[in-house]
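See below for the structure under consideration.
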């Protein structure tokens, strides 16, 4: 990887080692006080925490909805709620989880908190826009919650026409909420791309990015290019309801299948918005806890972009039996399989990273390893669904539900949990109980599999999704799944307990508890508002554990500094700050 | 200001480009009245529009002098738009019944 | 081995192309399982073998190996290409009906399936087909998108409003198979069920010639109505035990005073019930949505009489 | 190295946020941000362009006939109006780069007036359509087009020109804001990022119209 950089121009910098205090008395959390200082903050770390709070509430509410769904399915007929309520609840569960949790959570929480820290910047490129993104997101959530409380919506999160056009439900406020939060998503992606391009520390070339930065970069590209299409699609649904424009409504000569094309042009890449930063987190975790260079750095990095790109060309695999032409189905199926290759490359490289490492099974690593296992199952069942003839059987059954949850929960949520346990000490300056965290991890891992594995069998046997009543023959598997959901919920309650305990009574965390090498660990825990007291300079890759930590704590020498050991280093002039120097 | 790296487009260039754009617009409208047989009318009209759009992008929007990355963003967005249209048409053009519905107008 | 996998996961294979679909399913499952076990075993082995022993552990500096990367790209590529072509071949077969297939028209509406046979006979909720003969379904919807799914046959296709779509199958054995609607279509989605009944050609022909749904001699009128209640889709929206589903329950309905949305009150007598079946939108009961489709032309006078008799019997 | 140090001491003038090294980096970042936003705009309109192309391929005759009912000359005139407004916008940027605030305000004003002209012409055009019964979708009552599904053409026409019109209105708001800020002396040849990026936005609005013209008025 060095050879590519060697051809570039290099410049000479005077640097010295800066060691930031382990704990910073004045940090981003306590430097300014009062509610107003939070609500009007432009600090990326505070905005990250605000996303954390909001999306945790969304996850909690949508999770309760999921438990209600599972409870209702305990018996084949009515258990606790009627059919209409059931339909509204699964619509809300899907909408909230997808648009207000899975899409914004990783970029919003970890992206905001970490991207400037990992690239050695003081903030994102447009801090005010970043705050606006948060408020747009919040508005979207509130819009939707108000819709829930006033009218139910029973269209499913996919809003398929013509049902969404004919339904008497409050489709317009609901889509408006999603439309607004779409802007949030676009602005977040825009901010990260510019930040990553323009605000890197001197010496931090693309080959030295932590993989999380690559993940967020890939995600941002998708957010920017796909979200506007969803926006126009939802706007068209609203227009169809208000003016009957005849684009999607078959009664007027429109085409409901066209709606599906437009919808999935966003919503398929959207699952990559959710999972791609998760890949980045996992790479960071595995390298750190194996204490070893990431195997095949460039393969892992480029496969991130390849997945983001290919993810745009496969939307039609949601429509093999929807009435699209056979030619389209065949092309979509072929491209769908191509995505398996870069995904496989990632998994194999992560495994190879563990080979001859020095592995510590801390809680974040447990999440990373369970990610590999669960996401592999999600991936293999994805191959199953990509196969044209088999998909005809499995489409719109519980098999799809299970596959989706293995990818989204087993993938994205597990990666997020791993990331939160990894960066928690940095975010709050506190440690959590390792024992309780293991108990919670175990409950979540077991509960998840008990909940969702039976659904593969249900689906293959023909149990359709979104069914309120079902045939008696499916009952035992449904009950098993429901029991699993309770174990899963218990795991999350344990987590809530020890994380709250950590916030209040947790012991102080050192600046670099995991002996990592990337920039965010070189600042105090929690970091000061301006992140670093110096301009960081990066000379090594992110996972060079064999080098002493001092070589990762270099910074440009100020003109007011005298004394201390000075070095002259040569670094490629890869970053814009260098180009200006 | 040149030292800051901003290109200042001369008034003459701007006027020339604008004149070209107006002439092309007039040609487009005249074409509309001439009623060329399809598909040549479509090709001509869209072709001229592409030329006009490129002129605006290169000279009014400064892409000709600007960082290449900004041009790349524009190109990428057009590629993805083509993917949306092109791949969707793999469906809409190759169905058994080409017209989407049998509803009478 | 493949057989065992498909028997564990999949319902019985009752159409001619089901075995090949099942083999592909089992093939993917088997290969996935092998790779998954490989990954998991490697993970656990590394976890133990290379666990941290001391702070001075020296880890390997190897950070890439192009030959390895190529290997683990090419092998999966080969595998997925096999899967693709296999799926592709069967998919083409599934959606290319033979030209001599027996055609049945399918009309989907919220929330029932109606089948129309070449001689004009119709059935609701029950699809009768001849054994071991290709059957092509020409499907359309009256309202929103539905999806016709018979797990035993491995067929599924969306049913679109204002457009025809097709599926076909050939069932070698007689028997019954479940029909589901798999495209979410509203409140009664999960009750939009049906049954395929495969019969020997002769028996099927006999059924086809039978009078279109007349009352069998050995049934009372109310029993006939009860049968229609289940087969014509009334069941999806009306309960007989007093509970509220989509529409009003039939229990105790006959002879009661009913409040309508236009403010008037009527007595639920024979005329009211008949009117509600043939022109449901004209008399909406207060508090209920106007969603019931008309049964004009679908139910004969005898059948309506049967339903009225059945409602009368539900005291 | 000395340069870098010098940069950081003088570079932080009042327009530069603390997290940027200097004004140049901030300008580049803002411009890149705007370009990315324009990419989202292209895909936002793109959905409608896609719908146009697909429906045109389904109902070619309808589109040809319906397109004939629109007035080409007015479409052409409006295009020229927008092109000139793009020119004046470019000139405004040219003069702010030369630190000539008077001419900047003059040309921003010209752009605003031309934008308003465009909207007025468009308004007259729409009201004439309405008087003839050319409504979008179900309300459609025009009888001049015999081919089926003509209302889909008008639906797309109103949606696309309407969405474009909203963008013009937003642009007019931004230009007003720029004029006020320039008047107050907040822009100069040292700092004119908002003028530059509003210009980019305005030119994109122009480009979109350049495509709407042939699609709706010409290709008959």
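Residue numbers (the numbering used here), protein chains in the order written: chain Z, 1 to 581; chain F, 1 to 105; chain S, 1 to 315; chain Y, 1 to 220. Ideal Cβ placement from N, Cα and C applies to all residues, glycine included.
Query                                                                                                                                                                                                   : Result
Contact defined as beta carbons within less than 8 Å: I believe residue 110 of chain S pairs with residue 188 of chain S. What is the distance between those atoms, to the nearest angstrom?            : 6 Å
Indicate the three-state DSSP secondary structure (helix, strand or coil) for residue 178 of chain S in the structure shown.                                                                            : strand
Measuring only between beta-carbons, confirm whether residue 69 of chain F sits less than 9 Å from chain Z.                                                                                             : yes
Hey, which unbroken runs of the beta strand (DSSP E) at 3 residues or more fall wholly within the stretch 40-117 of chain S?                                                                            : 102-109 and 112-116
If we ignore side chains and look at the alpha-carbon of each, how far apart do residue 302 of chain S and residue 145 of chain S end up?                                                               : 32 Å
Could you tell me the distance, in whole angstroms, from the CA atom of residue 454 of chain Z to the CA atom of residue 157 of chain Z?                                                                : 23 Å
Do residue 24 of chain S and residue 5 of chain S count as a contact pair if the criterion is CB distance below 9 Å?                                                                                    : no
Can a CB atom of chain Z be found closer than 9 Å to the CB of residue 7 of chain F?                                                                                                                    : no
Taking only beta carbons into account, state which residues of the stretch 327-338 of chain Z come closer than 9 Å to chain S, listed in chain order.                                                   : 329, 330, 333, 334, 336, 337 and 338
Is residue 266 of chain S helix, strand or coil by DSSP?                                                                                                                                                : strand
From this set, Z/164, Z/119 and Z/24, which residue's C-alpha is nearest residue 194 of chain Z's C-alpha?                                                                                              : Z/119
Is the beta carbon of residue 451 of chain Z less than 9 Å from the beta carbon of residue 481 of chain Z?                                                                                              : yes
Excluding sequence positions up to five away, which residues of its chain have a Cβ less than 7 Å from the Cβ of residue 619 of chain Z?                                                                : There is no way to answer for residue 619 of chain Z, as the model of chain Z reaches only from 1 to 581.
Evaluate residue 250 of chain S with the Cβ neighbour count: other Cβ atoms within 10 Å of its Cβ, from every protein chain shown; 16 or more gives buried, anything less gives exposed.                : buried
Taking all protein chains shown into account, do 16 or more other C-beta atoms lie within 10 angstroms of the C-beta of residue 190 of chain Z, making it buried, or fewer, making it exposed?          : buried
Less than 9 Å separating the beta-carbons of residue 127 of chain S and residue 195 of chain S?                                                                                                         : yes
If you drop the 5 nearest sequence neighbours on each side, which residues of the same chain put their C-beta closer than 8 Å to that of residue 371 of chain Z?                                        : 278, 282, 410, 411, 414, 415 and 418
Would you say residue 49 of chain F reaches chain Z, if we count a Cβ-Cβ gap shorter than 9 Å as a contact?                                                                                             : no
At least one CB of chain F closer than 9 Å to the CB of residue 477 of chain Z: is that the case?                                                                                                       : no
Strictly below 7 Å CB to CB, what residues from chain Z border residue 80 of chain S?                                                                                                                   : 337, 340 and 383
What residue does the beta strand (DSSP E) around residue 166 of chain S start on, and which one ends it?                                                                                               : 165-169
Taking its Cβ as the centre, do 16 or more other Cβ atoms sit within 10 Å of residue 18 of chain Y, making it buried, or is it exposed?                                                                 : exposed
Is it buried or exposed for residue 95 of chain F, if we count other Cβ within 10 angstroms and need 16 for buried?                                                                                     : buried
My output table needs one value for residue 359 of chain Z: the three-state DSSP class, helix, strand or coil.                                                                                          : strand
Tell me which residues share the same chain as residue 132 of chain Y and place their Cβ nearer than 6 Å to its Cβ, disregarding the 5 neighbours each side in the sequence.                            : 142
State the start and end residues of the unbroken alpha helix (DSSP H) segment that holds residue 25 of chain Z.                                                                                         : Careful: residue 25 of chain Z lies outside any alpha helix (DSSP H) and carries neither H nor E.
Measure the alpha-carbon distance for residue 17 of chain S versus residue 2 of chain S and round it to whole angstroms.                                                                                : 16 Å
For residue 339 of chain S, tell me which candidate among Z/423, Z/348 and Z/105 has the shortest Cα-Cα distance.                                                                                       : With chain S represented from 1 up to 315, any question about residue 339 of chain S goes unanswered, as that position is not in the structure.
According to a CB-to-CB cut-off of less than 9 Å, which residues of the stretch 93-104 of chain Z neighbour chain S?                                                                                    : none
Using Cβ-Cβ distances below 7 Å, what residues of the stretch 77-88 of chain F are close to chain Z?                                                                                                    : 77, 80, 83, 84, 87 and 88
Please work out which residues of its chain come closer than 7 Å, Cβ to Cβ, to residue 304 of chain S, disregarding the five sequence neighbours upstream and downstream, and give them in chain order. : 274 and 277
So with CB distances below 7 Å, who are the chain Y contacts of residue 239 of chain Z?                                                                                                                 : 159
Would you mind stating whether residue 128 of chain Z and residue 485 of chain Z have Cβ atoms separated by less than 9 Å?                                                                              : no
Okay, do the stretch 298-305 of chain Z and the stretch 123-143 of chain Z touch, 3+ Cβ pairs below 8 Å being the bar?                                                                                  : no
On the DSSP bridge assignment, give the partners of residue 156 of chain S in chain order.                                                                                                              : S/149
Using only the alpha-carbon positions, how far apart do residue 54 of chain Y and residue 85 of chain F sit?                                                                                            : 8 Å
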